[in-house]
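Enquirer:
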Amino acid sequence: MAQTNSLPTKFLANNEAWRPGWTNPATMVQIRQSGTAPEGPLMIITCMDPRCDPVQFLGTGADGKPNTLFASIRNPGGRITKDTMRSVLTLRALNTISEGGTIAVVHHTDCGMTHLTDEYIREKALARNPADDARINAIEYGCFTSEDFEETIRIDMRTLRAESYVDGMDVLGFAFITETGELKQIFA
Ligand SMILES: [Zn+2]
């Protein structure tokens with residue numbers, strides 16, 4: 001007999017408890033027109049790790065809402081890969097206020113990507129589905145070592161700057177120190 005997943009009950013109960021504080025947010029039409037040059041619009045590309053949440057590390061106001069309006073693109077490691085560019089291009093098209101704006105790349109210490117290698121991810125995937133080897137081998141997973149941590153941020157900043165699709169945007173880099181919560185700017 002299949003085990004019953006208790007998460008839906010928890011999700012709905014937590015949502016019901018949280019919902020009274022929710023106020024109707026801006027519409028997408030309003031969001032598309034918001035932000036001021038040169039800082040806005042702002043995209044943050046960071047890791048999907050729950051410890052690396054930009055809403056948390058960029059702080060919230062007294063009302064509990066984020067200090068900064070931004071779109072976040074989260075993936076393993078916060079790497080600039082082909083799937084990241086899909087998000088960047090979509091966000092650029094949604095922006096109606098300027099040809100500029102800012103993209104910030106944020107990687108973090110003790111990232112899961114430093115605990116894996118591309119070869120190991122491929123090995124695990126191939127063990128599950130050997131017939132799908134062409135697709136598995138074609139994916140760039142973007143693992144890196146903890147020694148290369150800051151250099152990987154610089155590499156991704158340079159990769160972004162080399163993309164003609166982000167022309168006019170300011171590319172920034174930051175390291176989030178998972179253990180202390182500190183955010184450090186990285187220059188490339
Ligand atoms: Zn990570």
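Numbering (our numbering), first residue to last: 1 to 188. Cβ atoms here follow ideal geometry from the backbone N, Cα and C, with glycine treated the same way. Here the structure is a predicted model, which means the values were calculated and not measured.
By the 10 Å Cβ neighbour count, where 16 or more other Cβ atoms means buried, how is I153 classified, buried or exposed?
Expert: What you label residue 153 is simply residue 153 of the sequence shown in a count that begins at 1. Burial call: buried.
Enquirer: For the alpha helix (DSSP H) that L172 lies in, which residues bound it at each end?
Expert: The residue you call residue 172 lines up with position 172 of the sequence shown. Note, L172: premise wrong, no alpha helix (DSSP H); beta strand (DSSP E) at D170 to I177.
Enquirer: Mapping DSSP to helix, strand and coil, what is Q185?
Expert: For the purposes of this step, residue 185 is taken as residue 185 along the sequence shown, with counting starting at 1. It is a strand residue.
Enquirer: Where M113 and I121 are concerned, what is the direct C-alpha to C-alpha distance, given to the nearest angstrom?
Expert: Against the sequence shown, residue 113 aligns to sequence position 113. Against the sequence shown, residue 121 aligns to sequence position 121. Cα to Cα, M113 sits roughly 10 Å from I121.
Enquirer: Say the cut is 7 Å; is the CB of H108 nearer than that to a heavy atom of ligand 1?
Expert: The sequence position of residue 108 within the sequence shown is 108, counting from 1. Yes, since a heavy atom of ligand 1 falls inside the 7 Å radius drawn around the Cβ of H108.
Enquirer: Ignoring anything shorter than 3 residues, give me the beta strand (DSSP E) runs that lie fully in the segment 60-96, in order along the chain.
Expert: The qualifying runs are 71-75.
Enquirer: Exposed or buried, what is V29 when buried is set at 16 or more other beta-carbons lying within 10 Å of its beta-carbon?
Expert: Working through the sequence shown from its first residue, we reach residue 29 at position 29. Exposed.
Enquirer: Can you tell me whether G77 is buried or exposed? The criterion is at least 16 other CB atoms within 10 Å of its CB, across all chains shown.
Expert: Indexing the sequence shown from 1 puts residue 77 at position 77. Flag for G77 reads buried.
Enquirer: Do you know whose CA, among R92, D63, L42 and A93, lies nearest F70's CA?
Expert: Translated into positions along the sequence shown, residue 70 becomes position 70. Ranking R92, D63, L42 and A93 by Cα distance to F70 puts L42 first.
Enquirer: Identify every residue that forms a DSSP beta bridge with C47.
Expert: Indexing the sequence shown from 1 puts residue 47 at position 47. DSSP output for C47 lists N75 as bridge partner(s).
Enquirer: How about D255: is its Cβ closer than 7 Å to a heavy atom in ligand 1?
Expert: In this structure the chain extends from 1 to 188, so residue 255 is not present and cannot be described.
Enquirer: Taking only the alpha-carbon atoms, compute the straight-line gap between T102 and T84 and give it to the nearest angstrom.
Expert: As a working mapping, residue 102 is identified with position 102 in the sequence shown. As a working mapping, residue 84 is identified with position 84 in the sequence shown. For T102 and T84, the distance between alpha carbons rounds to 15 Å.
Enquirer: Any heavy atom of ligand 1 inside 7 Å of the beta-carbon of G112?
Expert: Walking along the sequence shown from the start, residue 112 turns up at place 112. Checking every heavy atom of ligand 1 against the Cβ of G112, one is found closer than 7 Å.
Enquirer: Using the Cα positions of T68 and V106, report the straight-line distance between them to the nearest angstrom.
Expert: As a position in the sequence shown, residue 68 is number 68, starting the count at 1. As a position in the sequence shown, residue 106 is number 106, starting the count at 1. If I take the Cα positions, the gap works out to 15 Å.
Enquirer: In the structure shown, what three-state DSSP assignment does V102 receive?
Expert: Here residue 102 is taken as the residue at index 102 of the sequence shown, counted from 1. As written in the sequence, residue 102 is Thr, which differs from the Val given in the question. T102: strand per DSSP, three-state reduction.
Enquirer: Buried or exposed: where does G173 fall if 16 or more other Cβ atoms within 10 Å of its Cβ makes it buried?
Expert: Looking up residue 173 in the sequence shown gives position 173. Counting Cβ neighbours within 10 Å, G173 comes out buried, since at least 16 surround it.
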